[in-house]
Structure formats: C-alpha cells, structure tokens
Amino acid sequence: MGIPSADWLVRPIGPVDETEVSAVLAERFGVTGTVHDLGSQQDRNYRVRTGTGDYVLKIANPASDPAALRAQCAAVERLSDAMSGLRLPRAHAGVDGEVVQRLSAGGVDLVCRLLDYVPGEPIMDSRYLAPPVVARLGELAGRVVAGLADFAGVEQERPLLWDLRNALTVVETLAPHLPDQERADRVLRASRAAHTLLEPFVDRLPVQVIHGDVTDNNVVCEPAPDGRRMPVGVIDFGDLGLGWTVAELAVTCASVLHHHGAGPASVLPAVHAFHAVRPLADEEVDALWPLVVLRTSVMVVSGQYDTLLDPGNSYAPVALDREWAMFEAAVSVPAEVMTAQLRHALGRPSAQLLPVAEHTPLPGLPDDVASLDLSVSSEELHTGRWLAPDAETALARAALTAGHAAVRTRHGEFRLTRTTVDDSVPAATCALGVELHLAGPAEIRAPWAGTVTRHGDTGVTLHTGGLDLLLDGVDAEVQPGPVVSGQQLGTVAAHEGVRVLGLQLFRPCATGGRPPRFAPPELAAGWLEVCPDPTRLFLAPDASDAPPSAPDDAPLSARDTQQAVTETELLERREHSFATVQEHYFETPPQIERGWRHHLVDTRGRGYLDMLNNVTILGHGHPGLGEAVHRQWQRLNTNSRFHYASVVELSERLTGLLPAELDTVFLVNSGSEAVDLALRLAWAATGRQDVVAVEEAYHGWTYASDAVSTSIADNPNALASRPPWVHTVAAPNSYRGRHRGPQSRRYAPEAAARVRELAVQGRPLAAFVCEPYYGNAGGMALPDGYLRQVYEATRDVGGLCVADEVQVGYGRLGSHFWGFEQQGVVPDIVTIAKAMGNGHPLGAVITRREIADAYRTQGYFFSSAGGSPVSSVVGLTVLDALRDEDLQTNAREIGAHLKDRLLELAERHALIGAVHGSGLYLGVEFVRDRESLEPATEETAAICDRLRELGVIVQPTSDRQCVLKIKPPLCLTRRSADVFADALDDVLTHGW
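Quick note: the sequence shown uses the working numbering, first residue 46, plus one each step.
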C-alpha cells in the first residue's frame, strides 16, 4: 500500500494542566466545574462535573484534523436521530457556536470539544463476557454501520492507523521496532497469511463510514437484573472514517477475545447479532476472520510502539497483555477453519468436492470392514468403559478376534472415548480422520499423483493440489519426492502385534502446520470442512455409515450441520409432543444421552459434573443395578398381587432400617403417590381431613400432595389455591424467615400453638406433614427441637405425624440415614421415593400396622407397578449398594469437605449469603445485600448457565430461586467436589 509512516504514526499528546483545562472550559464553553483526567492512548480526556450535568472535554492530538472532528460530531448526530434509546456523546457548541474550539497548552496549538458524558461503565477489565453481552456488542456494531450506511460527512485523504485496509503495512512498518522480536515475527507471519486470504475479496468488500472501534472499551453498560453489564451506549468516535463495513464487526469480535474463558467460538453471538441487523455478504463472511487476525496484529504492534514513543503514558502499557491475548486467541485456529465455522453458523456451508481416487490406497482390503461405534450412544461402552485409555484399541481387537479382517473408526463422530470428566474445557471429541485396524499385513498405494514428505518415524503425507493425505502407521518404502498414482508408499506398520493405519485428509491452511486429529465440539464444523472424510478412499460408497439423515457424499460441514439440526429439531419435537408444562433445564439444553457415576455426557461428548441429580443416589449407569434389572426382567415382571420373594424382602429391608414400630410397607411409583397415600392413611386412621403443612414446601403433584405443597416457585398461586382443609405454618427458615439465628427457636412453639388452636376451633388435625430437613429452601436444617414440639402438639390433638423423606432420606445427610433422626423423633408415617429407585419409578410409605389396616375403611389399595418384581429388585439392589459402597460415609466426608470449600468461598464473595445443609444435601444462597438479604434470583440463573459452560450441572431452588441446589449422587469424589468449588469460584471471580 506504500503509506508513509509519518501519515499515521501519531505521537501521544502530553498532559495538560487541569488549571488550563478549567480555563478553557470557562472561556470557550461557558462551563465551570471540577475536572478529572480519564487517560487516553493518544488524546487527552477529562471528565467535567458541573451542577447541571457531566461532560467530557476531549483535547485532540495535534495530528487530528478539525474537519474530521466535526465529522465525528455530525456522525453522532446522525446516529442519535436514527437510533433512539442509544446513549451517545453528543457535542456542545462553544460560546461562538462552533463545536471544535482551539486552545494552546505548553506552547502547542490544540483543538478540543465538549461532549455529553455518557452514563454507564465501560467494560475495561477482562472478566467473562456472557453470550448475551457478546451478542449486544455485535448488535450495536450492526446498528452503527446501518445508521451510517449513507453518511457522507467524511473526506478521508490521510490514511489512518486503524483502517484495516492498511493493516499489513502498519504491521510491517512497526514490527521491526518491537523489543520482543520473537513476538514480532509471529505477528508478521500471521498478518501476511491473513492478508493473503483477504486479497481475493478486497475489491468486492463494501466501503462506508464506520465507527471503527465499537469494542468493549468503547461501549457503556448498565447492569441487567442478572448482574451482567449490558451495553447501552457507544462512545469515542475518534477512529471514525472510511473503511470496509465488515471491519466494524471484525473490530468488535477482536475485542471479545481477551476476556476470561474466551476463544474464537465466543464471537459467534456477535456475528449472529450483527448479521441480523446488517446481513453479511458471502465475501464479507470469508473476509471476517482474516480481518480479526489483522486487527489484533495491529493492536499488538501499535500498543508496543506507543510505549516506546511515550514511556510515561500509563494507559498504553496496561493494554499490552490483553492485546497479546486477543492475538493469541485469533491465531489459535487457522483462519480457514474459522471462516468455515462462521459459514456454518450462518447457514452457508461451502461445498467442496473431493478428487476421485484413481487407485485404492489399500488394494488388499476386504469388503467386510467392520465399523466401530465410539459415539455417546455406543452399546459397547457401558459401565465407564469409555474412560479406559485403551478403550478404542480393546474394542478393535475384540472385533478382529471375532473374525473381521479389518475394523475402522468413523469420521466426524463425536467420540465418547475422547470425553473427559471434571474438566472446565470441552474435550476435543470430533474425529477429523479415521483409523483402520488390520488383522494382517497390507500395502499402501498413492490414490493419485503428488509429492510425498515424511513426518515422524511412521508418517507419510501425500501432497496433491490443495489437498493433503496424511497417513500414520506406515513402514515407508518410498523416498520423499514425486510419486505417481498407484505407486506403493509402504505397508501398514506392526506395533506390538497391532496394525493401525491413520488416514486424514487436509486442505492446507495459509499458516501451515498439520491439523489436529480431533476438534472440540464448538469448532467441529469448521475443522470438518478443512478435514474431509477419507473413508471413500478405501471403501465403496454403499459401505458408508453416515448419519441416516445426511447423505454420505454430502460435504462434511453439512453432515455436522445435520447433527446440530437434529439436536435443534429434537427440542422442537419435544415442545410439540411433550407437554410444555413439563419444563426442561436451561433455555438451550444440551442433549444428554449418557451418564456414569456422578457425570453426564451430551451427544457431542461434552462431559458434565452432575451436582443436581438427587434421584440417582448411587450414580448413573450403576452396573450392579443394570445387571439386576436385566436378570429380573428376563425372569418375571408382574404386579404385587402375585406372590414372589422380592417384594417381601424389600419390605423387610425397609422396616429393618426404621424404628421398630414402623413395621408395615406400601410400595408405590413416586414421591407424589407416597405423600398422597400417607395423607389418605391419616384421613382413614383419624376420621378427619385437616392437615397442617409448612410454607415454601413441595410434596408432589397428585391432588392431595399438591394440596399440601405450598411453594410458590412450583405454583405461584400455591397459598391462595389451597383447599380449606389445608392450613399452613411459617417456614422455619433460620436464615431469612421472620425468626432468624437464635430466634429461630420460636418457630416450633408457634407451629405447635397453631395446631392446638385449630383443634380448639373444631378442626383437629388428621396430620402434620413436613420434610424433616428443609429441602425446598436449599437443604436447610430445621431449628433444633422443631419436630419434637410440633409432633407432640399434633399427637396431643389426635393427629398423625408424616415425615416426607423423599429428598433427604437414604443417607444423603451423611450424619443420619433418615432426616427425622437428626431431630430425635419418630414419625407415624414415612414417605420415600427418588433415591429409593436410583431413577427407577419407585416409592414407599412405611407406617404402623394399625394405621395401615385403617385404610380398609376406604377400600383396598393397589398399585400396578408399585412393588413389582423388577421394582422390588431395584429397591433391594439400591440398598445393597448403599451399604456395600458405604455411600452414607462418603456423603458425610465429601459433603463436609465441600461445605468447608463453600464456606471459604463465602468469605471472599459477598454474593454468597449463606451455605446451608449437611452431607451431600447442600445449598448456596445468593443475595445482593447481606443486610437486606435481597435475593439474587436473576444472578443465580445466570450463574447456573455459566457453570454449565464450565462443565457443571446445577440449578436454582427455593421460593426465591436464589439457592444453588447441590444434591449430587452420593458417589461424588473429593476431586469432583473440588472441581465444583473451583468452578463456582471462577464464576464468582470472573463473572457470569
């Protein structure tokens, strides 16, 4: 481009005395007030506080053209008219009517403007930016370029430093001056590669006036209800000028990359939002990532050069680390891959056909090549087998032993065998090549003519006109250099009795290098386009095993698109066929198709730590339980009217775990049915109907269990819609209830008094129902002696005491097997479910014989599946595993460690108001203020979303939805507990 450096290298302006600034304000603008230096890279900015409002006095660098400054003011006025509601720095004319005023400082003639101070806070740090925030940045960039589309107020004669049309020249001019020449060389190489990719489009990219710097630093934000800083205004129009329209988006995307946890895929929400406002043409999509690389390169070299020009400027050095972080992120993935990913995200995958193989590379390969299923749904990877380092090899060897001559893996498959657990970063699970396992020797031939190079001891690459074939596991017989089609390259190498050939196709990228063997899910579409499927080279077309909904000869980006579409369509099908009142976790939920112990895995091989699933108390995929169910189902499954051993054994085991007087068992299918039956038993035994329930509790969805459910989180009308036979007492919440701390002892006598008062009023109770550990509030212990006093009052008036152990029972507290034990009482009726079946629909009601017999006055009781042979075996196996694996002890020890970690977090993070619970029945309550205890409801939901991104599944609970519900499987390990605590610390430290 040949731009003389003097035209765009700007020496920063020196400081201007604040006394002089005040004088200029008074003389030129008629404004008086206090001034504060805001800092700047090249200009000088001062905040001016007056009695009538705040302003910013911008003293421009001597290199600034007054006409350009007037154009900036005009552009702001244009946007103010076009974009109502957007906060912008409108200019105020001086006393002479001009917006640009002249002054002299330190013997230098300068110009200045007085602008509105735009309220809000810029995103000046590198904290995490949530997708909605990134999307808002992209939306603002799109709205700005749309608003300036026909703005003609700029006559750009002098080339500008930040105009990305000049980017390569800027980098090549400044890089030699950098003190770190190793970094300078990296930036130069990356810039030249990006420029090469950009060159085909430069004459076709639309040019207009752009802001040029719609970045995190140049927007102002207001906190959203969830605490996220949402951009509401744009400031600093100092880089306004002509440029490529898409450069506006590139600049915005680049600014995202230095934020905590950000990677190239983090910009996708901004791209989508920009595109929705100002649609991108194909050539702009192709130019976008090269421009991001060029933008970050210019930032690195200019930032370094500014520190050399002005060592005393404190603004420039602070930015150096984040500018380098942006560059590192931008070049962490080849631009060709990101371009393909962007095209995929916008629904524009490019179809690139593969050359037809002139010769098969494996002429001796038989037709019956078996295909390994290494996906998340594989039937060969149960019971955690997928975590074994040799899982793939073991499956392949088993297939060869079974008589197959060859076994292959599948291209584009998200392999469960590559999934990691307890990892905040998604593993690279998408296969970008295939492996071929062979029972015997095999020769390898060139499928087409090309040039051979060697990599490693057993690696051969065949380069052919824009497509490389990478072969690993080759005893090479060919020397590097040209080869003809069909020429033998070598044989498949044998290593420890195993012959494995890796095949990978790769379209070389401008930055060089070899592709990875696997890609992370968020970049899979891009990598699959650059690394197409080599399977057709050695298999006939009808031997393909592409996903049924995508043809095998489709471009692989399209096959990956099909996977994404399938996930989206599945959610849409759920909404159409599955009642939406049966809600799902998360707005855009992952598709979970596998679980093992305390981990879950989605269809793309992302592993999650399950801190939520109190139903599966043993953990997911428990092998003993699966085997027991399989054996019983093969033998018999019927209903409990038949006589068989397992229903008797389960009933005896349950009563053996309870006080002796609780000697009779009913088996049902769920906690809702259990509570419903418990109430019906109380009605039958007492001849009454009135029930007292605790506020903010949930007991189920049947008529009776829903009637005593008082949580407004589950039913906003819970208190107003109760039938007249349900009476409530205050939730004994010692943290935020009306009696707190030591005063919480008052809840028990008040509740007991209410029970007695109802009797005096002629409404004596049939039952008092309560969770013995306050679950819906987030795992909170009842005040000491609470149940003792209320149970006594209930029995004094002839009522029965029901302990709802559905959530808390079965050892989850660690210290006690049953929650009521912690209160030192014995209930009349106990209800259990959830943990009882480890996810199988199973519940129970245990009571005294005379109470059970009283039910005959209502007729007989029967549950078709309750107590079936399979359900009974499930119940017995769960109890065996709880005992044999000592899971209650694990709950006590790991729960205590986890609670200590959470309490330590509370000392450092003010958002944590309290840590509730015992064992692995815990809750972390978030508040906006520790004095008022204002619930941090929206923040809690956002924190759960961010934790999911970090690989942790957890959800809010309580009527205020401000408590993290921490009820993992009892097999949780100390390491996984630490992973959760570390992830929560990360979110509270770096944002959500």
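In this text, a Cβ means the ideal position worked out from N, Cα and C, and glycines have one as well.
- Cβ-Cβ distances below 6 Å link R89 to I58, V61 and I104 in the same chain, with the five nearest sequence neighbours on each side left out; the list follows chain order.
- G912 is positioned such that its CB atom lies no closer than 8 Å to that of V720.
- Contact between H320 and L391 holds: their C-beta atoms lie close to 6 Å from each other, under 8 Å.
- From the listed residues A299, L114 and Y792, the smallest Cα separation to T773 is found for Y792.
- According to DSSP, N90 shares a beta bridge with K103.
- Taking the Cα of L584 as reference, the smallest distance to any Cα among G830, V401 and D873 is reached at V401.
- In the three-state reduction of the DSSP assignment, M275 falls in the strand class.
- At the C-beta level, S311 and V179 come within 8 Å of one another.
- With 16 or more other CB atoms across the displayed protein chains lying within 10 angstroms of its CB, E574 is buried.
- When DSSP states are grouped into helix, strand and coil, Q1000 belongs to the strand group.
- By a beta-carbon distance limit of 8 Å, L160 contacts Y100. Their separation comes to about 6 Å.
- Residue C989 holds the alpha-carbon nearest to the alpha-carbon of V1008 among R1020, L1015 and C989.
- Nearest to V140 by C-alpha distance, out of D366, V660 and R73, is R73.
- Shown here, K1012 sits in coil according to DSSP, grouped into three states, outside any helix or strand.
- The region 799-818 makes no contact with the region 781-791; the number of CB pairs closer than 8 Å stays below 3.
- DSSP, reduced to helix, strand and coil, places W289 within a strand of the structure shown.
- With contacts defined as CB atoms closer than 8 Å, V997 and A1028 qualify as a contacting pair.
- Straight-line measurement puts the Cα of A775 at about 14 Å from the Cα of S1003.
- Taking all protein chains in view, the Cβ of A705 is surrounded by fewer than 16 other Cβ atoms within 10 Å, so the residue is classified as exposed.
- In the structure shown, G786 falls within a helical segment according to DSSP collapsed to helix, strand and coil.
- With a 10 Å radius around the Cβ and a threshold of 16 neighbouring Cβ atoms, L726 comes out buried.
- For T556, the closest of E381, Y831 and T464 by C-alpha to C-alpha distance is E381.
- Taken in chain order, the unbroken stretches of beta strand (DSSP E) that lie wholly in the region 151-225 and span 3 residues or more are 153-161.
- Distance from the Cα of P980 is smallest, within the candidate group Y780, P872 and H1035, for Y780.
- Under DSSP, W493 takes part in no beta bridge, so it has no partner.
- Contact between R123 and L193 holds, with the beta-carbon distance rounding to 7 Å and staying under 8 Å.
- Here V529 carries a coil assignment [DSSP, helix/strand/coil].
- Under the three-state reduction of DSSP, V66 is assigned to helix.
- Apart from the 5 residues on each side of it in sequence, D271 sits with its Cβ closer than 8 Å to the Cβ of E983, E984, A986, A987 and W1037 in its chain, given in chain order.
- Y653 has L645 as its beta-bridge partners, per DSSP.
- If you ignore the 5 residues before and after H404, its C-beta comes within less than 6 Å of the C-beta of R490, P492, S530 and G531, all in its own chain and listed in chain order.
- The region 278-285 makes no contact with the region 343-353, as fewer than three CB pairs between them are under 8 Å.
- Linking L858 to V421 through their CA atoms gives a straight-line distance of about 33 Å.
- When only Cα atoms are considered, N106 and R237 end up about 31 Å apart.
- Only residues of its own chain outside the window of five on either side were considered, and among them V322 and R323 have a CB closer than 7 Å to the CB of A191, listed in chain order.
- Where Y966 is concerned, the enclosing beta strand (DSSP E) starts and stops at Y966 to F971.
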